[in-house]
Amino acid sequence: MAIVRYVLFATDNIVNLPLTPDPCGPRTELYIWGFAGGLYEKDGVIINPQYAVENGCQFFGEASFPSPRIDIDEDDELFITLVNIGLKYRPDLMDPHTIHIHGGHVATQVDGVPELSFGVPMQIFTATGLKKHLKKIKNHNADPNLAITYYFKPDHPGT
Numbered sequence: 002m003a004i005v006r007y008v009l010f011a012t013d014n015i016v017n018l019p020l021t022p023d024p025c026g027p028r029t030e031l032y033i034w035g036f037a038g039g040l041y042e043k044d045g046v047i048i049n050p051q052y053a054v055e056n057g058c059q060f061f062g063e064a065s066f067p068s069p070r071i072d073i074d075e076d077d078e079l080f081i082t083l084v085n086i087g088l089k090y091r092p093d094l095m096d097p098h099t100i101h102i103h104g105g106h107v108a109t110q111v112d113g114v115p116e117l118s119f120g121v122p123m124q125i126f127t128a129t130g131l132k133k134h135l136k137k138i139k140n141h142n143a144d145p146n147l148a149i150t151y152y153f154k155p156d157h158p159g160t
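Using my numbering, you'd call the opening residue of the sequence shown number 2 and step up by one each time.
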C-alpha cells in the first residue's frame, strides 16, 4: 500500500485535432477545459517537483487532452490536490472545477457532479498575483479558497 499524491491544475488550452482517421489529413483547432499536472509524490518521495502547487503558473493555458492519467494500485491511498488556475484563452468565463473519479465510491459532496458537489473556485489573478498566492501553499495545506485535496482509496481493481 502506497500513499500517492497528484497535483492537477484546472485550466484551458487549444488542441489541434484531425478531422478524419488519417493523421496527416485536415485538422481543426478546438478549445478545451481540462487539467495539467500529474504524479507529484509517492510515499513521501517527490517524483515530479515541477507539479508542486506553487508552480501552477507555468501550467496556465496548458490543459492536456486527454487529461493526465492517474495510476495507482488497489489499496493505495490517493490524494489529488486540485488548483483552479483560471482560463487563458477564455478569461471572460468564470469556471469552478471539480474532479469525478469514475467507479470510485466517494461521498456525494466530493464526487464532482456539478449539481451535487462543490467546485474549486477559479482564481482571478494576473500570473504574477497567482504566483504570489500559490507560494503561500506548502505541503498540501492549501487555502480552501485556492485549492482542495480529494482523498480516494480504491477497493477493487479497474476503478
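Every residue, glycine too, gets a C-beta built ideally from N, C-alpha and C. Note that the coordinates shown come from a computational prediction; the quantities given were computed from them, not determined experimentally.
How many Å lie between GLU42 and LEU94 at the Cα?
-> 32 Å
Assuming MET123 and ASP76 form a contact by the criterion Cβ under 8 Å, report the distance between their Cβ atoms to the nearest whole angstrom.
-> Contact flag wrong, Cβ pair sits at about 34 Å.
Taking the C-alpha atoms as reference points, what is the distance between ALA11 and ASN85?
-> 5 Å
Reducing DSSP to helix, strand and coil, say where GLU75 ends up.
-> coil
Can you check whether the CB of ILE102 is closer than 8 Å to the CB of VAL121?
-> no
Residues bridged to ASN17 (per DSSP) | GLU30
Which residue's Cα is closest to the Cα of SER65: GLU55, GLN51 and TYR32?
-> TYR32
Continuous beta strand (DSSP E) assignments of at least 3 residues falling wholly in the segment 57-106 | 78-85
Can you tell which of GLY39, PRO19, GLN59 and ALA37 has its C-alpha closest to the C-alpha of GLU30?
-> PRO19
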